[in-house]
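Take a look at the structure below.
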DNA sequence: ATATCACGGACTCTTGATATCCTTAATAAA
DNA sequence: TTTATTAAGGATATCAAGAGTCCGTGATAT
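Chains as they are written, first to last, in the working numbering: chain R, 1 to 133; chain V, 1001 to 1133.
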């Protein structure tokens, strides 16, 4: 059980975008090189982030991506949800209504999500910025 | 991102075993039928549980499985760990030491594990027992 | 001795994630 | 207007891991 690579890339990309000067655009090319990915592949991920409203894209020459206006409200959970979709980690295999095992698993997952929802990308970005030599 | 079916089956199997009278053995046959699985497949899962010390097996005729003596201390996390192994949900794709993103993800996972560690199978088993008509 | 059971290796099958290729559309600059 | 640049997206190929089966071995009660 692992988070997808896509989620990994998405999180790093988002942090990078948040560090950019306001309204400045970054192309897939640059974002891909930074993480040693092919532009076409990262493009798919960026499209998902855009569909979720976390970033905005401008097509054409000098185009690129920038974080949407809700910048200071974007949490880890937002990014993860944009990539992984809306599924629960566990579904009872026998499906008798109200499975007690399922309940426990869901509660545990909720605890994780709650933590991921309270952490904002902007906090991490600041930390990363102050670390740069 | 999903827990494996094996984990699902393992949890249900463990709860069933805990409900058995002390020291009585249950064969793979019965356990498999209960969950509509092939005995051979469930056997692999049971072997993992045994290797982790959660259950004990007796070979030969009239053999089978029973919960190990630590019965009242087995948590959800124990079972999950026995099946899924010891891996973290997230590993930074860029691997610069002490990645801030990774730290957040690990903390969140820790919150989930903490919950799963505090829930014991025996509690669920009692609940399931009282529900039976 | 025989039937029953757990154990484990090797193998197949399926599925979803990963990744690439190629075409289309939009925009800036020349 | 033409050209270069860039995002969007469909189709396809690749790959790894999980799911599940088959078969042979060994242990034990009857």
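Heads up, the beta-carbon is just placed ideally off N, CA and C, and yes, glycines get one too.
Where residue 1107 of chain V and residue 113 of chain R are concerned, what is the direct C-alpha to C-alpha distance, given to the nearest angstrom? Locating residue 1107 of chain V in the second chain gives position 107, where the first residue counts as 1. Locating residue 113 of chain R in the first chain gives position 113, where the first residue counts as 1. So the alpha carbons of these two residues sit roughly 11 Å apart.
Keeping to the same chain, check which residues put their C-beta closer than 8 Å to that of residue 35 of chain R; ignore five residues upstream and five downstream. In the first chain, the residue the question calls residue 35 of chain R occupies position 35. Excluding positions up to five away in sequence, the list reads 9, 12, 13, 42.
Along the stretch 1002-1025 of chain V, what residues have a CB closer than 9 Å to any CB found in chain R? Those would be 1002, 1003, 1004, 1005, 1007, 1008, 1009, 1011, 1012, 1015, in chain order.
Can you confirm whether residue 104 of chain R, when its beta carbon is compared against all beta carbons of chain V, has any partner nearer than 8 Å? As a first step, residue 104 of chain R must be located in the first chain, where it is residue number 104. Yes, residue 104 of chain R counts as interfacial toward chain V.
Would residue 77 of chain R pass as a contact of residue 46 of chain R if the rule is Cβ separation under 8 Å? Walking along the first chain from the start, residue 77 of chain R turns up at place 77. Walking along the first chain from the start, residue 46 of chain R turns up at place 46. Cβ atoms of residue 77 of chain R and residue 46 of chain R: not closer than 8 Å.
With which residues is residue 162 of chain R paired in a DSSP beta bridge? Outside the displayed range of chain R (1 to 133) lies residue 162 of chain R, so it cannot be described from this structure.
When burial is assigned at 16 or more other CB atoms within 10 Å of the CB, is residue 1040 of chain V buried or exposed? For the purposes of this step, residue 1040 of chain V is identified with residue 40 of the second chain, where counting begins at 1. Result: exposed.
Return the first residue and the last residue of the beta strand (DSSP E) that residue 67 of chain R is part of. In the first chain, counting from the first residue as 1, residue 67 of chain R sits at position 67. Run containing residue 67 of chain R: 64-67, per the beta strand (DSSP E) assignment.
Leaving out five residues on either side along the sequence, give the residues of the same chain with a beta carbon under 8 Å from the beta carbon of residue 1083 of chain V. In the second chain, counting from the first residue as 1, residue 1083 of chain V sits at position 83. The beta carbon of residue 1083 of chain V is closer than 8 Å to those of 1004, 1006, 1007, 1010, 1045, 1048, 1049 in its chain, skipping five residues each way along the sequence.
List, in order along the chain, the chain V residues whose C-beta lies closer than 8 Å to that of residue 93 of chain R? Here residue 93 of chain R refers to the residue found at position 93 when the first chain is read from its first residue. Under the 8 Å cutoff, chain V gives 1005, 1008, 1009, 1012, 1035.
Could you tell me the distance, in whole angstroms, from the CA atom of residue 1121 of chain V to the CA atom of residue 1072 of chain V? Stepping through the second chain from its first residue, residue 1121 of chain V is reached at position 121. Stepping through the second chain from its first residue, residue 1072 of chain V is reached at position 72. Going by the C-alpha atoms only, they are around 8 Å apart.
Take the Cβ of residue 127 of chain R as the centre, count every other Cβ of all protein chains shown within 10 Å, and call the residue buried at 16 or more, exposed below. Here residue 127 of chain R corresponds to residue number 127 of the first chain, with the count starting at 1. Residue 127 of chain R comes out exposed.
Which of the three DSSP states is assigned to residue 1056 of chain V in this structure? Taking the first residue of the second chain as 1, we reach residue 1056 of chain V at position 56. In this structure, residue 1056 of chain V counts as strand in the three-state DSSP scheme.
Between the Cα of residue 70 of chain R and those of R/18, R/91, R/102, R/2, spot the shortest distance and give me the residue it belongs to. Position 70 of the first chain, counting from 1, holds the residue named residue 70 of chain R. Per the C-alpha coordinates, the member of R/18, R/91, R/102, R/2 positioned closest to residue 70 of chain R is R/18.
Contact with chain R by residue 1045 of chain V, beta-carbon distance below 8 Å: Stepping through the second chain from its first residue, residue 1045 of chain V is reached at position 45. Residue-level contact by beta carbon fails for residue 1045 of chain V and chain R, as no gap is shorter than 8 Å.
Return the CA-CA distance between residue 1001 of chain V and residue 86 of chain R, expressed in angstroms with no decimal places. Taking the first residue of the second chain as 1, we reach residue 1001 of chain V at position 1. Taking the first residue of the first chain as 1, we reach residue 86 of chain R at position 86. Approximately 10 Å between the Cα atoms of the pair.
Can you check whether the C-beta of residue 100 of chain R is within less than 8 Å of a C-beta belonging to chain V? Counting from 1 along the first chain, the entry for residue 100 of chain R is found at position 100. Yes - at least one Cβ of chain V is within 8 Å of the one on residue 100 of chain R.
The stretch 1115-1130 of chain V: which residues have C-beta closer than 8 Å to a C-beta of chain R, in chain order? Cβ contacts with chain R come from 1115, 1116, 1119, 1124, 1127, 1128.
Whose CA, out of R/90, R/15, R/27, R/109, lies closest to the CA of residue 62 of chain R? For the purposes of this step, residue 62 of chain R is taken as residue 62 along the first chain, with counting starting at 1. Of R/90, R/15, R/27, R/109, the residue nearest in Cα terms is R/27.
Short of 8 Å in beta carbon distance, which residues of its chain neighbour residue 53 of chain R, apart from the five on each side in sequence? Order them along the chain. Taking the first residue of the first chain as position 1, residue 53 of chain R is located at position 53. Around residue 53 of chain R: 68, 70.
From residue 1141 of chain V to residue 1089 of chain V, what distance separates their C-alpha atoms? Summary: the structure shown does not reach residue 1141 of chain V, with chain V confined to residues 1001 through 1133, and so no result is reported for it.
How about residue 66 of chain R and residue 20 of chain R: do their beta carbons lie closer than 8 Å? Indexing the first chain from 1 puts residue 66 of chain R at position 66. Indexing the first chain from 1 puts residue 20 of chain R at position 20. Residue 66 of chain R is a Cβ neighbour of residue 20 of chain R, given a cutoff of 8 Å.
Tell me the start and end of each unbroken alpha helix (DSSP H) in the stretch 14-43 of chain R that is at least 4 residues and wholly inside, in chain order. Complete alpha helix (DSSP H) runs here, min 4: 28-34.
Work out the CA separation of residue 80 of chain R and residue 1098 of chain V for me, nearest whole Å. To locate residue 1098 of chain V, count along the second chain from 1; it is residue 98. To locate residue 80 of chain R, count along the first chain from 1; it is residue 80. So the two alpha carbons sit approximately 20 Å from each other.
Please compile the residues from chain V whose C-beta is within a distance smaller than 7 Å of the C-beta of residue 107 of chain R. Taking the first chain and counting its residues from 1, the one referred to as residue 107 of chain R is at position 107. Per Cβ cutoff of 7 Å: 1115.
Min CB distance residue 84 of chain R to chain V below 8 Å: As a position in the first chain, residue 84 of chain R is number 84, starting the count at 1. Yes, because at least one Cβ of chain V sits closer than 8 Å to the Cβ of residue 84 of chain R.
So, for residue 1125 of chain V: in the same chain, excluding its five sequence neighbours on each side, which residues have a beta-carbon less than 8 Å away from its beta-carbon? Translated into the one-based positions of the second chain, residue 1125 of chain V becomes position 125. Around residue 1125 of chain V: 1015, 1018, 1019.
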